[in-house]
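For this note's numbering, count along the sequence shown from 1 and bump the result up by 5. Some notes on the structure that comes next.
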Amino acid sequence: MNESTTQSLNYSTDAKQLQFDKRYLKMACVWAENSYCRRRKVGALIVKGRMIISDGYNGTPAGFENQCEDDVGQTKPYVLHAEANAITKVAKSNNSSEGATLYVTSAPCLECAKLIIQAGIRRVVYCSEYHHADGLALLQRAGIALLYIETDDM
Ligand SMILES: [Zn+2]
Numbered sequence: 006m007n008e009s010t011t012q013s014l015n016y017s018t019d020a021k022q023l024q025f026d027k028r029y030l031k032m033a034c035v036w037a038e039n040s041y042c043r044r045r046k047v048g049a050l051i052v053k054g055r056m057i058i059s060d061g062y063n064g065t066p067a068g069f070e071n072q073c074e075d076d077v078g079q080t081k082p083y084v085l086h087a088e089a090n091a092i093t094k095v096a097k098s099n100n101s102s103e104g105a106t107l108y109v110t111s112a113p114c115l116e117c118a119k120l121i122i123q124a125g126i127r128r129v130v131y132c133s134e135y136h137h138a139d140g141l142a143l144l145q146r147a148g149i150a151l152l153y154i155e156t157d158d159m
């Protein structure tokens, strides 16, 4: 195989991966609509080997009331982020998130970044910058590949 053939093969693989990334991220955006939270709806998918192995959206723990905000509109402290719900759903299953990609509609916060690292997730694809950059910085420090795709670009 000559060099130009190798390059064109790599290019088509990357282009195809980007197309998949955009579509999975779009699905995460649709999934966010499940959230009962009024302040902010976030969706997440965990994909491994082109298979969705988990999903999540921000909300209260199973068995609790659905409302995410208290009487004064503050988010309740026990609301789980979409990433945490997706990761803990894998923990309940027979699957493993080792080496998986996380698609999330908002850049992960610091707490979720810790979970992402410990869950063995290797890539994070997201579409909306979070007001705290410390989560992204921690992921970067752990060597996790980050890909930001603008919503307009999906
Ligand atoms: Zn979070």
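We put the CB at the ideal spot given by N, CA and C, even for glycine. These numbers were taken from a predicted model, which means no experiment stands behind them.
{"Check": "Check each candidate in I154, L115, Y153 and name the one with the smallest Cα separation from L144.", "Outcome": "L115"}
{"Check": "Output the boundary residues of the alpha helix (DSSP H) element that contains K97.", "Outcome": "87 to 97"}
{"Check": "Give every residue of the same chain whose Cβ lies closer than 7 Å to the Cβ of P82, excluding the five residues on either side of it in the sequence, and list them in chain order.", "Outcome": "none"}
{"Check": "DSSP three-state call for C76: helix, strand or coil?", "Outcome": "Sequence check: residue 76 is Asp here, not Cys. The answer is coil: DSSP assigns D76 none of H, G, I, E or B."}
{"Check": "When a residue counts only if its C-beta is closer than 5 Å to some heavy atom of ligand 1, which residues count, in chain order?", "Outcome": "H86, C114, C117"}
{"Check": "Run through the DSSP bridge pairs and tell me what K53 is partnered with.", "Outcome": "M56"}
{"Check": "Can you give me the start and stop residues for the beta strand (DSSP E) that A142 sits inside?", "Outcome": "Per DSSP, A142 belongs to no beta strand (DSSP E); it is in the alpha helix (DSSP H), 139 to 146."}
{"Check": "Return the residue from the list T80, D60, V84 that minimises the CA-CA distance to G68.", "Outcome": "V84"}
{"Check": "With the cut-off set at 8 Å, would you say S40 and Y62 are in Cβ contact?", "Outcome": "yes"}
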